[in-house]
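In the UniProt record's numbering, the protein residues as written are 1 to 219. Even for Gly, the Cβ is constructed at its ideal location relative to N, Cα and C. To start, the structure itself, in C-alpha cells.
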Amino acid sequence: MADPIIIAVPKGRILQEALPLLARVGIVPEPAFSDDASRALRFSTNRADIDLIRVRAFDVATFVAHGAAHLGIVGSDVLMEFAYSELYAPVDLGIGHCRLSVAEPAAMAAKDDPRGWSHVRIATKYPHVTRTHFEARGVGAECVKLNGAMELAPVLGLAPRIVDLVSSGRTLKENGLVEVEVIAEVTSRLIVNRAAFKTRGEVVPLVDAFRRAVAVQPA
C-alpha cells in the first residue's frame, strides 16, 4: 500500500472553518485532533489513505512546496508572501475571509493622507507583499519583520504603521489603530504540490472532491 496522502491544515481560526469542509469531502480526523491537551502534530483520519498534519499557517505552504505534505489549506496572504513555484492553488475554498490592510494610530490617521506618502516604516510579517505593494505606487517601504503582536509596534515606537490581517477590526480598535488602506482581500485556498499532482493518482480526485464540497457550501 502506498504511503498516505498528507494534508497540511493551519492552526487557529481557519481550521474551525475548514473542518466542516473536510467533512463534506469525506475526511474526518481521529478524536485526538480535537483534544486541546494533545501535543501531536500528525493525525490519522477515517480514511486509511489520508493523514492530516496541523502546523502554523505560514508553514503550510512550506510543507507542501517541499513535498513533505501533498495538499494543504492556506490563506491567499501566505501564497502572496512566498510565491512558491512548486505550488498549485486550484480551488478557492471560500473560507477564512479577511483582508490584508495598512493600519496606523487613529490620531495619525485623522491628519494623514496615504496618497501623499513617499516613504513608510511598517511592522509586518508580510515584508514581500508590503514592499511590492508600495513600490508599485512609487513609495519606499522600510519593513520591520515581526511574527505577532503587530499592534504593539506603533504604541512602543517600533514603527508608526503596520500591515496585518484584519477580520472584524476589533483588535485594531482595542489598540487605538484604524485601517487606512486595504492591500488585498484574502480567502483560504486548497494548495497542491505540483509533483504530487502529476505522480500521485489519488490527488486529482481529492481536488475534485474539494471543488464539489465548495460548490455545496452553505451560504
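message = Quick check: the Cα distance between V9 and D59, rounded to an integer number of angstroms?
response = 9 Å
ask   = Per DSSP, what kind of secondary structure is S167 in: helix, strand or coil?
value = coil
ask   = Quick one: what does DSSP say A196 is sitting in, helix, strand or coil?
value = helix
ask   = Taking the alpha carbon of S168 as the point to measure from, which residue in A48, I7, I5, H97 has its own alpha carbon closest?
value = H97
ask   = Can you name, in chain order, every residue of its own chain whose Cβ lies under 7 Å from the Cβ of L17, other than the five neighbours on each side?
value = Rather than Leu, the amino acid found at residue 17 in this sequence is Glu. Result list for E17: I95, G96, in chain order.
ask   = Sorted by chain position, which residues of the same chain lie with C-beta nearer than 8 Å to V28's C-beta, five sequence neighbours on each side aside?
value = L22, T45, N46
key: Of the residues R212, I191, R211, D208, the one placed nearest F63, counting alpha carbons only   = I191
ask   = P90 to L165, Cα distance in whole Å?
value = 23 Å
task = Give me whichever residues DSSP pairs with S101 in a beta bridge.
result = D164, V182
Environment of D51 [buried if 16+ CB atoms lie within 10 Å] = buried
task = Flag this pair as yes or no: are the beta carbons of L87 and L79 separated by less than 8 Å?
result = yes
ask   = Are the beta-carbon atoms of R189 and S101 separated by less than 8 Å?
value = no
ask   = Among V55, K173, I53, A83, which residue has its Cα nearest to the Cα of A65?
value = A83
task = Kindly indicate which three-state DSSP category V74 falls into: helix, strand or coil?
result = strand
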